[in-house]
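Data block below; observations after.
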Amino acid sequence: RLGLALITAQCLVTVLSVSLRGSVQQSQRELAGVTAIKPMLSLIQLMQQHRDMANGVLAGNAKLKDKVAANAGEIAEAIGIADAALAAQGDIVGQQEDWKPLKDEWTALANEWPELTGPASFTAHTAVVQRAMQIVTGIGDSSGLVMDPDLDSYYLANTAVFVMPETLERLAVIRGAGN
Numbered sequence: 004r005l006g007l008a009l010i011t012a013q014c015l016v017t018v019l020s021v022s023l024r025g026s027v028q029q030s031q032r033e034l035a036g037v038t039a040i041k042p043m044l045s046l047i048q049l050m051q052q053h054r055d056m057a058n059g060v061l062a063g064n065a066k067l068k069d070k071v072a073a074n075a076g077e078i079a080e081a082i083g084i085a086d087a088a089l090a091a092q093g094d095i096v097g098q099q100e101d102w103k104p105l106k107d108e109w110t111a112l113a114n115e116w117p118e119l120t121g122p123a124s125f126t127a128h129t130a131v132v133q134r135a136m137q138i139v140t141g142i143g144d145s146s147g148l149v150m151d152p153d154l155d156s157y158y159l160a161n162t163a164v165f166v167m168p169e170t171l172e173r174l175a176v177i178r179g180a181g182n
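Every number in our numbering is 3 more than the matching position in the sequence shown, counting from 1.
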């Protein structure tokens, strides 16, 4: 009788242990996703600001030139931070094959925008921002952040990864078009 009770208890502990290990692993993947997404969202915000200020400069507002230059420095720092975060979480969040082309596109745009027309610069900036947003989406998918079985967590992650960045980009486009 005691042996049967011990075997039953051992089975229950094993099942619980396997279940908890799966939950811990999923939580670690989600944490890696959040760690990688946070600097990407900051980078997107800075790129949106650059787009707006560059559009203002190209429209004739010379007062924004120094601000654009300062913002470009902030973007360089943000790229370094995002680089480190993506490298640290690389196996979990992936996105390395999309990250390098984004950095290359940004570098080219940062050098070329003063020679572009306002609409061409705005369009090129928007394309770079959209690519960065696709990386955020990929991180959310790869890390399982947006696949949380808990409904409350799912809605929170979905809002942070999909809804909020897209809404903020729409507002930034409207704001930037006003320059």
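Every residue, glycine too, gets a C-beta built ideally from N, C-alpha and C. Since we're looking at a predicted model, the values are computed, not measured.
Annotation: the continuous alpha helix (DSSP H) that includes T140 extends over 121-145. Non-local beta-carbon contacts of T38 in its own chain, meaning distances under 8 Å to residues more than five positions away in sequence, involve A88, A91, Q92 in chain order.
Excluding five sequence positions before and after V164, the CB atoms of its chain that fall closer than 7 Å to its own CB belong to I40, V139, T140, G143, L148, V149, given in chain order. The three-state secondary structure of P152, taken from DSSP, is coil. The C-beta distance from S146 to V96 rounds to 5 Å, short enough to meet the 8 Å contact threshold. Around the C-beta of S124, 16 or more other C-beta atoms lie within 10 Å, and the residue is accordingly described as buried. Counting other Cβ atoms within 10 Å of its Cβ, E100 stays below 16 and is therefore classed as exposed. Of M167, A175, R178, D151, the smallest CA-CA separation from R32 is found for D151. In this structure, the beta-carbon distance from G121 to A62 falls below 8 Å.
Inter-residue distance for T126 and V132 is about 10 Å (C-alpha atoms, whole angstroms). In the three-state DSSP reduction, Q98 falls in the coil class, being neither helix nor strand. Look at G63 here: in three-state DSSP terms it is coil, with no helix or strand label.
Membership of P168 in the alpha helix (DSSP H) is indicated by the continuous run 167-180.
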